[in-house]
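What follows is one structure encoded as structure tokens, with my remarks underneath.
Residue numbers (our numbering): 5 to 471.
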């Protein structure tokens, strides 16, 4: 079967990267179709309603919304700033270690002073934080081949300070923090912690819904519950996409906003990609997934915690051990967790990095881990939490895989280690014409602001080629 419409571009996946890319292409006058396997747009950036409570599936906030920030610019260019009301707690984040807590205020100087107060013997704290927000290209070249641990070791001697800086990156990136690329870590700090905590009033689903509205206003078409089965090519040039609902649909450009392994191994097929690239693809290491709990609480629940502020709690300073337990799936023995009380004080979102493992492992352990998590929250943060619970549920890595079809339910695409940073063929494969990738599997963008930027940049690449 063949669909009689022909498009300038078909985008596979309605995550933030795909939606932003589609908006810019449609705004420029291209005829664009976005197809999404899920029944709602957004990928991980979605919300759901259970028992009258609204929960966000994955992302709890976004960054880079300061004046001149990447996401601020994109929202303005697509007129989303008039559609979405953005709120931000202060502090946006708090890192809680065994002996102290450090808030990340909406003012960098104030945050630096918090670190200086606890570590007065360390003279380089201010220089370190200013390096993290440095946009000079020379800073990029200096950081590209370093790990974040290399960088932290150059600036500091105190091991507790080093652990305090390293550990929050584990739940943000899903990989051993000390092995992360220093450049990736700097971007995570600048966009998640230093300029993070922004939240759309009404829940994260507001963002993809607003993008869909703009995309359709620009003339774009969206098909939900529509699965891409194959990307067709002829003489190494893409010709279109086979869809379960529409059959073969012709397009000059195909842009994949789904995971890179699925794009190359399933939609294209191993036989069509070059051997050296296949070896590279097979060697790539994904980030961990997450085990997430969603709690609905009644109106009698009281707490002094600031709603909207995200808390990272760690019970020791051993970065390697905490990561090993997360990778192993030792939820009960894991030395940390992250959580947030919602703005309306009706829900609690909490989670930790977790491995994919098999379905039987999660079926056998899901509810035990859920109760263990609640016990930890009661013991350290919310006494008597159980008696206020109306609803409780958990998402395993398999749940997240169903939402997005991401390889092993990975939360952040590829692990951000130096050898996996900025692999060009994951943006624009050199062995195919008119095929592009966007989103966090490109080995570049992480989080909502990062994937939005890659979506915008991918649109620029396509429009440059077109013109």
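From the three backbone atoms N, C-alpha and C, an ideal C-beta is built for every residue, glycine too.
Using 9 Å as the threshold, is the C-beta distance between residue i and residue j below it?
i           : j           : result
residue 61  : residue 51  : yes
residue 459 : residue 157 : no
residue 341 : residue 352 : no
residue 1   : residue 63  : What the structure shows of the chain is the stretch from 5 to 471, and residue 1 is not part of that stretch, so it cannot be assessed.
residue 186 : residue 150 : yes
residue 198 : residue 313 : no
residue 159 : residue 131 : yes
residue 41  : residue 335 : no
residue 148 : residue 426 : yes
residue 165 : residue 153 : no
residue 204 : residue 47  : no
residue 3   : residue 242 : No answer is possible for residue 3: the residues shown for the chain start at 5 and end at 471.
residue 392 : residue 304 : yes
residue 311 : residue 349 : yes
residue 359 : residue 269 : no
residue 65  : residue 96  : yes
residue 453 : residue 74  : yes
When the Cα of residue i is compared with those of the options, which residue comes out closest?
i           : options               : result
residue 78  : 283, 98 and 27        : 27
residue 38  : 244, 199, 197 and 154 : 244
residue 258 : 8, 35, 20 and 31      : 35
residue 387 : 307, 322, 404 and 456 : 307
residue 112 : 102, 125, 124 and 135 : 135
residue 443 : 418, 123 and 434      : 418
residue 91  : 103, 163 and 201      : 201
residue 287 : 301, 270, 264 and 234 : 264
residue 404 : 49, 13 and 8          : 49
residue 217 : 322, 11, 31 and 409   : 31
residue 123 : 238, 332 and 103      : 103
residue 161 : 188, 128 and 381      : 128
Could you check what DSSP says for residue i in three-state terms: helix, strand or coil?
i           : result
residue 465 : helix
residue 97  : strand
residue 131 : helix
residue 54  : strand
residue 408 : helix
residue 356 : strand
residue 117 : helix
residue 270 : helix
residue 5   : Legend: pLDDT at residue 5 = 45, less than 50; position of this residue unreliable, value from coordinates given subsequently. Of the three classes helix, strand and coil, the one that applies to residue 5 here is coil, per DSSP.
residue 37  : strand
residue 13  : strand
residue 276 : helix
residue 425 : coil
residue 260 : strand
residue 251 : strand
residue 123 : coil
residue 233 : strand
residue 2   : Past the edges of the chain, shown from 5 to 471, lies residue 2, and the structure says nothing about it.
TODO: Taking 8 Å as the threshold, find out whether the region 404-415 comes into contact with the region 304-320 through three or more Cβ pairs.
DONE: The count of Cβ pairs closer than 8 Å, one atom from the region 404-415 and one from the region 304-320, stays below three, leaving the stretches out of contact.
Open item on the list: Can you confirm whether the region 286-300 touches the region 393-404 when touching is taken to mean that 3 or more C-beta pairs between the two stretches lie within less than 8 Å?
Closed with: Counting Cβ pairs under 8 Å, three or more are found: they touch.
- [ ] Jot down the residue ranges of each uninterrupted alpha helix (DSSP H) in the region 137-224, minimum 4 residues, whole runs only, in chain order.
- [x] Counting only unbroken stretches of 4 or more residues, the alpha helix (DSSP H) elements lying wholly within the region 137-224 are 141-147, 152-159, 163-170, 173-177, 186-192 and 210-221, in sequence order.
- [ ] Return the chain-ordered ranges of every beta strand (DSSP E) run that is complete within the region 359-419 and spans a minimum of 3 residues.
- [x] If you keep only unbroken beta strand (DSSP E) runs of at least 3 residues inside the region 359-419, you get 393-399.
Task: Segments of 4+ residues assigned as alpha helix (DSSP H) that fall wholly inside the region 303-347 - done: DSSP runs (the alpha helix (DSSP H)) wholly in the region 303-347: 323-332.
- [ ] Mind listing, in chain order, the continuous beta strand (DSSP E) runs of no fewer than 3 residues lying wholly within the region 423-459?
- [x] Whole beta strand (DSSP E) segments, 3+ residues: 439-441.
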